[in-house]
Structures are given as structure tokens and as C-alpha cells.
Amino acid sequence: MNMEFDPVNSVNENIQLLNWGKDVTLKNVDEFRMAIWKLLESDQSELILELTDVAYLNSAALGVIADAVLSAGRSDKELVLAGIQSTVGEIFQIVHFSTFMKIFIEVNDAYTYFDSLRE
Amino acid sequence: MFIFILLVLVVLNLYNLVFIDKRFGFEFIVDLLTQCVILTPLFFMYRQQIANTKKLFDSEQRYKSLFLYENAGIYVVNGNGLLDSISPNLLDSLGYSESEINNQPFSILFAPEDLAMIQRTFLEIIKGTTISSSRKMKIKNKSGQNLVFDFSSVALMVDGEIQGVIGFAKDITELEKAQEKLSVVQNQMNNIFQSIDIVLWSLDVIQQKRIILSDACEKILGYTVEEHYSNPNLWTDRVHEEDKEIVTGRMNRVYKEESSSYENIEYRLVHLNGEIRWVESRLFPVINSNNRLVGINGLMIDITDKKRIEENHRIDLDLARQVQKSVLSKPIYTPVFSIDARYVPSQELGGDMYAWYHIDEHRYGILIMDVMGHGVSSSLICMSIRALLRGIIQSCSNPEDVVKELNDHMNKLFSEAMPATNFFFTAIYLIVDHENNCIEYINAGHPSGLLMDDSGEIHILESTGIPIGLMLDLNVTTKIIQLKGSARLILYTDGLIENPGTLMLEQVNSVKNIMVETKLESMTVVMDTLLAFSNINKQEVPDDICLICMDICSEKASERR
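Top to bottom, those sequences are chains A and B.
Quick note on my numbering: the first sequence kicks off at 3 and runs consecutively.
Quick note on my numbering: the second sequence kicks off at 31 and runs consecutively.
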């Protein structure tokens, strides 16, 4: 386990947020996968993956994200992405992930989305 | 008093001699002799008194010293072996009252198995053959609880005769228990120390002396601990020639107190029987209160088996890479269609793959794919797809059917076998059709392909949908690009343009620029230039790369030529 980076998990009432703050390459994709699994195992059903400080995701990381979104759905949870930078947004555009997951530019938009679901 | 009387007599005699008799006569001599007769017994009595006083003082001191022995109880046993007296604190420890214990034989306190020895010692003291005895004994208190006492006994002298035994007894039960526990722990530690396969050692830096070395060193090197102690350089001497610099370099850094010197290192040792052994070595500094390095503790773990497994794993991975590489399509060079590719594997097995097939007289089907993951599972998915690909491409007439077939395969095969796991891949599948002079393609979430026509204009084969295998229903539409002459087409996986922090658009623009710059060059030059560009931004652990280059020439144009 790479100890240089410690993803910050924070909880907002019903929502669990994982702030991943590092590019994902082949070097750390397993660490990224572990962090995402931990997020999925949380008690909350509304999950946010914040990527504000991420400028690059390789294809393996995209696989992890897609897998996590689908797995969350199977467990009656919802995982959304937030804080998407232009470089990452470009990648998501290529893989058309927006067709099956919510992607927000701002983190607050993700909170607003979950709030609106509860209303 | 005796001295005073003597002085008074001397003064009186002198007075009598000088002032009354005024001569040294017979009467005076008789007086003196009379006084001497009277004083002589007095003198002896005086000497006796001094001796007795000193004895009493010494006795008092010894008595006081007994009480200085903290928490010790005092006992007196008479010549018949009966308890004469016991101090209150000793009575408390034993749980008896004074009336219960006094005049009882001391033997009632001791275990039967100890009695013979105790009685022998008692008799030896009483007879005067033993002056004192000191030993640790177990006794039972009134409630039957076993206690451990430290007994010190000496003869009790009265009027110069031995009348019994006196001594003190200190309750050391708790101390014994603590020592017993400590001994158990110590034994366990020793057992661990002697039995583990880890070599533990400690070096006194000041005296340059090895102070601890565990037995495991014999397993690693074949030499006994004693041999290591007698030859302090033995370990260093057995370090593999190629690793000596690593080992000595680190020790030098240790003495310079560089923090990096405490990082783990792995190196080889040569066993007595000539075998090579790998060890992992860790150091821990011992720093004194003056912040000075005074010692080094270290441990060494035999990692030979781990290294063998790693080596076998590496060989397996190399083999898997070779197998993966061997199924990649071979280049085709014809007047109307040329296709070639480069595959640069990552350290681990990757999920990138390409393949092409001649569908019919005028058409080629080409696929580039990237499984969204890495490692053995991704590689196996690649191989699985590869096994199906020929049949799918040659039986399906258009790209939509091919991609849907692949999607079904991914969903049925992998998702049904492992429902909790999702496998998917990005891909571009395209058909080069020489008869209709066009290409038909589907880009399923893959980085854009680039097609450059005769004029140097570049068309982008953009992604038109989600990766294959992600959803049961995959809505894809085939796109068609009509060719107006010859064209060059580049397809690649994301490893080629991986450059964290840079917009993918910028990276793609760089690829486009290279295509334009190398327009007149062969495909080999184009691919080598692109790989060189990719190397500039290489990551510490680079992703694998697939790169396909095609030159397409219309059949009509070819015929004209």
C-alpha cells in the first residue's frame, strides 16, 4: 500500500464522499481500486467520488469507476462523480460514461443532486 | 569511677608524704601496699565492666541490624526445636497467633520433603558445626497457602553456650512469582530467538563488537554462531561479490548517520556449501541521550524462496507476454493495403490487443482494443476475445454486428460466470472496403482514430458509444468515411498519449502533427516517431501501448498507377 497518499473520506449525513487527489496510472491503480471498494462498503447509500485534483485517469481506472458504479447500483446505492477537471472530462466524454452515471463538474452539484432525490 | 578513686588516692598520698609525714617512712610504704591490695580487685572488676559494656553494645547493634532488614520477621527456636518467639509481622504472614505457634516444633511449618534437610541444618547450628545458614524455603501458612521465605539463621548464644537458633525470615513469595514469570518470558524469548529463521544481531558501535547473533545465521550461511564470533568479518566476507558495494556502502552511510542508510536492502550471500542465498536486511539505530550512535540492531530475513517465486513469476509473465504477442496479427503489405503495428507491453500483463483479417476479396476487418484493467485477468480477456475474433469478423457483414457479438460475449461469458465482476473493453472496429472505397467503423469508448487523406487533412474517428461489455444493450451506429484517394490511418491505445495533466486533445494534436510531418515517410518511420513521442512523457510504470498504422490506396488509383 502506497502510504504517500491518503484519500480523504468525509461524511455528510447520508452521503459518503471519497476525495481522491492524485492522477491514476498503472502505478497506483490498485490503490485506487482499494479506496473505491472501501467507499462502496460504507453504510451510506449516496456516494460521491471527488476527482477535483485528478488530471488523468488511465483505462484501468475507468474500468474501476465503471465497475464501482455498476456494483453500487446492484447494492441499491448510487455512486456519482464530482469535481471533474477538463482533462478528465475529456476522457469521460470518450467513454460516454455519462450515459450510465452522473458526472458533476462541481462537488456541490452532487450534494444538490442527492438532496433533490430525498425531497 | 575506678580512675577517679585512683586519682584521689594518689593526691591524698602525695599530700600525706609532703605535708604530714614529710619523709618516706615505713608506715607510708605499708599504706601504699594496703591500697594496692584493695585496688587490684577493683581494677579487674573495672576491666570486666568495660568488656561487658562493649559486648552489650555489639549485641545491641546486631539486634538493631535485624530490624533494618525490611519486612523481615524474627524467630527464635530453642535447643529442643520448639518455637520460642516469633515477631508480629512474621506471625501476620503465617496467619497464626502467638499462642498458637509458641512452643510448637518449628517443623510444623515446613513441607515434609524439606524436613530432613532443615533438621540437619538446625542440629549443625546447635552443635556449633555450622555458624550460620541462609536459604530459600517454602512454608505453608495457616490457611494452607504456599509461601516462599528467605531464612537466615545463627546460633543463639547465652553465657557462651548455644541455647537455640535465632534468625530472620523474609517473605519473598511475590518476588519469586515475578521472577518465575520473568523466567518464563525469558525462556520464551530465548526459544523464539533460537528457533526463528530471522537472524537478529546487535553491534556495539563504540567497541566495534558484535554482542548478539541468533542461531539462524547458521541456516543462512552454514557457519555456527561461534564461528561468527571468532571471525567478525565472516558475514561480510560471504556477501556476493556483486552485492558487496551495496552492503558496505550502506554501513558507511550508517556511520555517517545518513537517514537513508536505514532503508531495507536485499542482497546475496554465498552459503558454506556454495549456494546463493538472498536476504533482506533491516537496520535500527541505537542512539544515546547525547544523540550519538552507540549501537546498531539488525535483522536479516532469508528471502531466497520469495526470490525464486518472483523469478518464476517473472518467467511466467514473460511467457504470457510472448504468447500474447504471438497472437497479434502479422503485417500485410500489398499495393492497395498495408497494415503494420507496434505492441509495447507494460511491466505487468496488459489488456491491449489488435487483430486484422481479410474478410473477402475487397475488405479487411481491423480491431484495436483495450481491456479496462490490467494484469492477468485483462490479459486472459484479451486472449478470449482473440480466440473468437476471426469467426465473428468473418461471419458478420458489418461493424455493428461484430461489436454486438463481442458485447454479448463479454456479458454472457464473464458476467454470468462472475456476476459481481464487470469486464469491459474499449475498441475501434473498422472495415476497410476497397470496392466502395470507404471505411466503416465503430468506436466504442476508445481514443479517437486518425485518418489522413491525400491532402493532409485529418479526419477523427471519434468515440460513438460506451465500452463493450458494460451494458447488455449496446446502441452503436456504424460511421462511414468515404475515401477520395489514398489515406493513412492511425489507431492506438491510451498508453500512447498518456501524459497526466495534459489535455488529451493536445496529445492527439501532437499525434496529428507527427502524421503530417511524416506524411511521405514509410509506416515504420511513422510508428517509430510516434513511439519516440510517447516515450517523452513516460510514466514511472508505463501503460502498455498498441499502435496500428495503415496505408489505404483505392483499387482504381492502384490500377491507374
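All residues carry an ideal CB built from backbone N, CA and C; glycine is no exception.
Exercise. Using Cβ-Cβ distances below 8 Å, what residues of the stretch 500-518 of chain B are close to chain A?
Worked result: Result list: Leu500, Met501.
For this session: Return helix, strand or coil for Cys426/B, following the three-state DSSP convention.
Result: Taking the second sequence and counting its residues from 1, the one referred to as residue 426/B is at position 396. Note: Cys426/B maps to coil in three-state DSSP.
For this session: Look at Leu243/B and Val255/B and say whether their C-beta atoms are less than 7 Å apart.
Result: Against the second sequence, residue 243/B aligns to sequence position 213. Against the second sequence, residue 255/B aligns to sequence position 225. Cβ distance < 7 Å, so Leu243/B and Val255/B count as in contact.
For this session: Identify which residue in Arg35/A, Gln18/A, Asn60/A has its Cα closest to the Cα of Gly91/A.
Result: Reading the first sequence from its first residue, position 89 is the one you call residue 91/A. Answer by Cα proximity: Asn60/A.
Exercise. So which of Asn466/B, Gly495/B, Gly380/B, Ile469/B has the shortest CA-CA distance to Pro477/B?
Worked result: As a position in the second sequence, residue 477/B is number 447, starting the count at 1. Of the listed residues, the one whose Cα sits closest to Pro477/B is Gly495/B.
Exercise. Taking buried to mean at least 16 other C-beta atoms within 10 Å of its own C-beta, is Tyr384/B buried or exposed?
Worked result: For the purposes of this step, residue 384/B is identified with residue 354 of the second sequence, where counting begins at 1. By the 10 Å Cβ count, Tyr384/B comes out buried.
Exercise. Does the distance from the C-beta atom of Ser376/B to that of Asp573/B stay below 7 Å?
Worked result: Your numbering for residue 376/B matches position 346 in the second sequence. Your numbering for residue 573/B matches position 543 in the second sequence. A contact, by the Cβ cut-off of 7 Å.
Exercise. Can you name the residues of chain A whose CB is closer than 8 Å to the CB of Phe454/B?
Worked result: Here residue 454/B is taken as the residue at index 424 of the second sequence, counted from 1. Below the 8 Å Cβ cutoff, chain A contributes Gly65, Ala68 as neighbours of Phe454/B, in chain order.
Exercise. At a cut of 8 Å, does the stretch 50-57 of chain A reach the stretch 20-32 of chain A through at least three beta carbon pairs?
Worked result: With three or more CB-CB distances shorter than 8 Å, the stretch 50-57 of chain A counts as touching the stretch 20-32 of chain A.
Exercise. For Phe223/B, which three-state DSSP category applies?
Worked result: Working through the second sequence from its first residue, we reach residue 223/B at position 193. If DSSP states are grouped into helix, strand and coil, Phe223/B belongs with the helices.
Exercise. Cα separation between Gly85/A and Glu108/A?
Worked result: The residue given as residue 85/A occupies position 83 in the first sequence. The residue given as residue 108/A occupies position 106 in the first sequence. Linking Gly85/A to Glu108/A through their CA atoms gives a straight-line distance of about 5 Å.
For this session: Give, in chain order, every unbroken run of the beta strand (DSSP E) that is at least 3 residues long and sits entirely within the stretch 288-327 of chain B.
Result: The beta strand (DSSP E) runs lying completely inside the stretch 288-327 of chain B and spanning 3 residues or more are 295-300, 306-317, given in chain order.
Exercise. Hey, which unbroken runs of the beta strand (DSSP E) at 3 residues or more fall wholly within the stretch 475-541 of chain B?
Worked result: Along the length of the stretch 475-541 of chain B, whole beta strand (DSSP E) runs at least 3 residues long occupy 479-483, 488-491, 509-512, 517-522, reported in chain order.
Exercise. CB Tyr387/B to CB Arg420/B, shorter than 7 Å?
Worked result: As a position in the second sequence, residue 387/B is number 357, starting the count at 1. As a position in the second sequence, residue 420/B is number 390, starting the count at 1. Tyr387/B is a Cβ neighbour of Arg420/B, given a cutoff of 7 Å.
Exercise. Comparing the C-beta of Met580/B with each C-beta of chain A, is any distance below 7 Å?
Worked result: Here residue 580/B is taken as the residue at index 550 of the second sequence, counted from 1. No, its Cβ sits nowhere closer than 7 Å to a Cβ of chain A.
For this session: Scan the stretch 82-111 of chain A for residues whose Cβ lies nearer than 8 Å to a Cβ of chain B and list them as they occur along the chain.
Result: Close to chain B, meaning a Cβ-Cβ distance shorter than 8 Å, are the following residues of the stretch 82-111 of chain A: Ser88, Thr89, Glu92, Ile93, Gln95, Ile96, Val97, His98, Phe99, Thr101, Phe102.
Problem set entry | Cα-Cα separation, Leu500/B to Ser493/B | Working through the second sequence from its first residue, we reach residue 500/B at position 470. Working through the second sequence from its first residue, we reach residue 493/B at position 463. Rounded to whole angstroms, Leu500/B and Ser493/B show a C-alpha spacing of 15 Å.
Exercise. Taking the alpha helix (DSSP H) that Phe34/A falls in, what are its first and last residues?
Worked result: Along the first sequence, one-based indexing puts residue 34/A at 32. First-last of the alpha helix (DSSP H) with Phe34/A: 31-42.
Problem set entry | Cβ neighbours of Leu121/B in the same chain (closer than 8 Å, five flanking residues each side left out) | Taking the second sequence and counting its residues from 1, the one referred to as residue 121/B is at position 91. Correct list, in chain order: Gly103, Ser127, Glu128, Ile131.
Exercise. Can you find a CB in chain B that lies within less than 7 Å of the CB of Lys37/A?
Worked result: For this step, residue 37/A is matched to residue 35 along the first sequence. Rather than Lys, the amino acid found at residue 37/A in this sequence is Ala. Chain B, which has no Cβ nearer than 7 Å to the Cβ of Ala37/A, makes this no.
For this session: Please classify Tyr45/B: is it buried, with 16 or more other beta-carbons within 10 angstroms of its beta-carbon, or exposed?
Result: Stepping through the second sequence from its first residue, residue 45/B is reached at position 15. Exposed is the call here.
Problem set entry | Reference Leu460/B, options Tyr394/B, Val366/B, Asp438/B, Ile415/B, closest by Cα | Working through the second sequence from its first residue, we reach residue 460/B at position 430. Ranking Tyr394/B, Val366/B, Asp438/B, Ile415/B by CA distance to the CA of Leu460/B puts Tyr394/B first.
For this session: Check whether the Cβ of Cys583/B lies closer than 7 Å to any Cβ atom in chain A.
Result: Within the second sequence, numbered from 1, the residue matching residue 583/B stands at position 553. Chain A contact via Cβ: absent.
For this session: Establish whether the CB of Asn21/A and some CB of chain B are separated by less than 7 Å.
Result: Position 19 of the first sequence holds residue 21/A. Closer than 7 Å: no.
Problem set entry | Buried versus exposed, by CB contacts within 10 Å (16 or more), Asn282/B | Along the second sequence, one-based indexing puts residue 282/B at 252. The residue is exposed, with fewer than 16 neighbouring Cβ atoms inside 10 Å.
Exercise. Got a sec? Which residues, its chain only, sit under 8 Å from Asp273/B by beta carbon, not counting five neighbours each side?
Worked result: Sequence index remark: in the second sequence, residue 273/B carries index 243 (1-based). Excluding sequence neighbours, Asp273/B sits near Tyr297, Arg298.
For this session: Rounded to whole angstroms, what's the CA-CA distance from Tyr105/B to Gly194/B? Just pull it up for me.
Result: If you number the second sequence from 1, residue 105/B lands on position 75. If you number the second sequence from 1, residue 194/B lands on position 164. Tyr105/B and Gly194/B have their alpha carbons spaced roughly 11 Å apart.
For this session: May I have the straight-line CA-CA distance separating Tyr285/B from Ile250/B, to the nearest angstrom?
Result: Working through the second sequence from its first residue, we reach residue 285/B at position 255. Working through the second sequence from its first residue, we reach residue 250/B at position 220. Each residue's alpha carbon lies about 26 Å from the other.
Exercise. From which residue to which residue does the beta strand (DSSP E) around Ser182/B run?
Worked result: Taking the first residue of the second sequence as position 1, residue 182/B is located at position 152. Note, Ser182/B: beta strand (DSSP E), 176-188.
Problem set entry | Residue closest to Met31/B, alpha-carbon to alpha-carbon, out of Gly158/B, Lys360/B, Met75/B | Indexing the second sequence from 1 puts residue 31/B at position 1. Nearest C-alpha to Met31/B: Met75/B.
For this session: Whole angstroms is fine: what's the gap from His404/B's alpha carbon to Ile317/B's?
Result: Taking the first residue of the second sequence as 1, we reach residue 404/B at position 374. Taking the first residue of the second sequence as 1, we reach residue 317/B at position 287. Distance between the alpha carbons of His404/B and Ile317/B is about 45 Å.
For this session: Using a Cβ cut-off of 7 Å, pull out every chain B residue sitting near Asn60/A, in sequence order please.
Result: One-based indexing of the first sequence puts residue 60/A at position 58. At a beta-carbon threshold of 7 Å, the residues of chain B lying near Asn60/A are Asp524, Glu528, Asp573, ordered along the chain.
Exercise. Is the CB of Asp400/B under 7 Å away from at least one CB in chain A?
Worked result: Stepping through the second sequence from its first residue, residue 400/B is reached at position 370. With 7 Å as the cut-off, Asp400/B counts as an interface residue toward chain A.
Exercise. Do Leu491/B and Gly479/B have their C-beta atoms within less than 7 Å of each other?
Worked result: For the purposes of this step, residue 491/B is taken as the residue at position 461 of the second sequence. For the purposes of this step, residue 479/B is taken as the residue at position 449 of the second sequence. Note that the C-beta distance between Leu491/B and Gly479/B is below 7 Å.
Problem set entry | Neighbour-count burial assignment, Val71/A, 16 or more Cβ in a 10 Å radius | Start at 1 with the first residue of the first sequence, and residue 71/A comes out as number 69. Val71/A comes out buried.
Problem set entry | Boundaries (first-last residue) of the alpha helix (DSSP H) holding Val277/B | Translated into the one-based positions of the second sequence, residue 277/B becomes position 247. Segment 274-285, the alpha helix (DSSP H) holding Val277/B.
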